[in-house]
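**Student:** Adding 2 to a residue's 1-based position in the sequence shown gives its number in the numbering used here. Here a beta-carbon is modelled for each residue, glycine too, at the ideal position from N, C-alpha and C. Supplied in structure tokens, the structure appears directly below.
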Amino acid sequence: MDLSALLLSGLAIGAIYAALGLSLVIIFRATQMVNFAQPALALVCAYLAFTVNRATDGYWLGFAVAIAAGAVLGALTERLLIRPLRNRGPLSP
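Here you go:
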């Protein structure tokens, strides 16, 4: 492996970690509770994209499935887990 491939790989992995960290901060600032399910949801979406990509050899189809799955899982998490705890005490979450 040459240096440019290692640099690009490191930048890509760092960008992924930064995006996951930023998502934790945004969710915390919006709801005032820490939601560690965010990286788990990202992992599920990435696995779905990988599976669809391997099954169909279509990158864009896997990308679309990951975006759609992320939207659905995020909406379900907000409606079923976060919203019911919004008006309760600070120790409820």
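Which word fits A51, buried or exposed, when buried means at least 16 other C-beta atoms lie within 10 angstroms of its C-beta?
**Tutor:** buried
**Student:** Go ahead and pull the three-state DSSP assignment for G91.
**Tutor:** coil
**Student:** Could you say which of A70, A73, A71 and V54 lies nearest to G64 if we only look at CA atoms?
**Tutor:** V54
**Student:** Here's the rule I'm using: 16 or more other beta-carbon atoms within 10 Å means buried, otherwise exposed. How should I29 be labelled?
**Tutor:** Its Cβ being crowded by 16 or more others within 10 Å, I29 is buried.
**Student:** If you compare alpha carbons, which of A39, V67, S25 and S11 is closest to L82?
**Tutor:** A39
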